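**Q** Sending over a structure as structure tokens; questions will come in a sec.
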Amino acid sequence: MLVLLAFGIGTYEILLILFIVVLLFGATKLPKLASAVGESVKNLKKGMKEAQDEDENATKTAKDTPKLESEDKPSDETNSKEG
Numbered sequence: 037m038l039v040l041l042a043f044g045i046g047t048y049e050i051l052l053i054l055f056i057v058v059l060l061f062g063a064t065k066l067p068k069l070a071s072a073v074g075e076s077v078k079n080l081k082k083g084m085k086e087a088q089d090e091d092e093n094a095t096k097t098a099k100d101t102p103k104l105e106s107e108d109k110p111s112d113e114t115n116s117k118e119g
């Protein structure tokens, strides 16, 4: 007997779930539903890849950018003008 160990779902439970899905959506709508789910997963992966690339680029840019001095410190010009 086939058992999905991750969820503890057996063969009969899978068949019952599939039967309920067919009853809810009908056999004619299942291909459209599967296509929509596949497209959604594809778009999700694409978005995740773009976000990861953007994060890597931002990290690389942050590492390459020299650190600026704090603006809280008075500069030499400010001290010389006051005196």
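When we follow the working numbering, the leftmost residue of the sequence shown carries the number 37, and every step to the right adds one.
Glycine included, each C-beta is placed from N, C-alpha and C at the ideal position.
This one's a predicted model, so the numbers in the text were calculated from it and none came from an experiment.
#1: Quick check: the Cα distance between residue 66 and residue 58, rounded to an integer number of angstroms?
#2: My output table needs one value for residue 101: the three-state DSSP class, helix, strand or coil.
#3: What three-state label does DSSP hand residue 62 in the structure shown?
**A** In short:
#1: When the Cα atoms are used, residue 66 and residue 58 turn out to be separated by approximately 7 Å.
#2: coil
#3: Coil at residue 62, not helix or strand.
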